[in-house]
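Numbering (the numbering used here), first residue to last: 138 to 313. Every residue gets a Cβ at the ideal spot worked out from N, C-alpha and C, and that includes glycine. Here the structure is a predicted model, which means the values were calculated and not measured. Written out below as structure tokens is the structure these notes cover.
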């Protein structure tokens, strides 16, 4: 608890600023995703895979909580890992800008919905999942917590394997 207290009682360090950014970014994404989810459902969309959604919420919350609890706020950031993290954020912005109104944290679909074919979706079926995979590994490595990167990468891979299977089946029903 001493480390957690020092994150909030001392002058912000680069580690603290990155953690603040991640929390703000995730909360902003949830607001955006929830707005899109409500709209897509009102346009005839249906949710698929809701049975596993709570596991992603738990996993991502636990990942962030463990980092907050275990990180040394004075940890010196590796410039290479920091640049990789910045790169994932650029890819995140590109992905969200490319998919726009269709982006949610849930699987919402209908046969009359268009498939995303712009931006990184021209090259990858699931660029947002790539970003999450990279972040779950890079952020803890950047913070000097390799065991967190390994553990949560494994857990995320297990969940993603199921989710991508569900999403691919759903997307196959959309017009091309």
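- Between residue 301 and residue 177, the alpha-carbon positions lie close to 20 Å from each other.
- Within the same chain, and ignoring the five residues on either side of residue 211 in sequence, the residues whose Cβ sits closer than 7 Å to its Cβ are 150.
- Apart from sequence neighbours up to five positions away, the residues of its chain that approach residue 232 with a beta-carbon distance below 7 Å are 256, 257, 264, 265, 268, ordered along the chain.
- Within the region 179-204, complete beta strand (DSSP E) segments of at least 3 residues are found at 183-185, given in chain order.
- Of the other Cβ atoms in all chains shown, fewer than 16 fall within 10 Å of the Cβ of residue 261; this residue is therefore exposed.
- Minimum Cα-Cα distance from residue 161 among the listed residues 226, 220, 307 corresponds to 226.
- Between residue 172 and residue 197, the alpha-carbon positions lie close to 20 Å from each other.
- Going by DSSP, residue 258 is part of no alpha helix (DSSP H) at all; its letter is neither H nor E.
- According to DSSP, residue pairing for residue 245 in a beta bridge involves 184.
- In this structure, the CA atom of residue 234 is about 10 Å from the CA atom of residue 228.
- About 4 Å separates the Cβ atoms of residue 170 and residue 242, confirming a contact at the 8 Å cut-off.
- Counting along the chain, residue 224 sits inside the alpha helix (DSSP H) bounded by residues 216-236.
- Less than 8 Å divides the Cβ of residue 279 from the Cβ of residue 222.
- Secondary structure of residue 163 (DSSP, three-state): helix.
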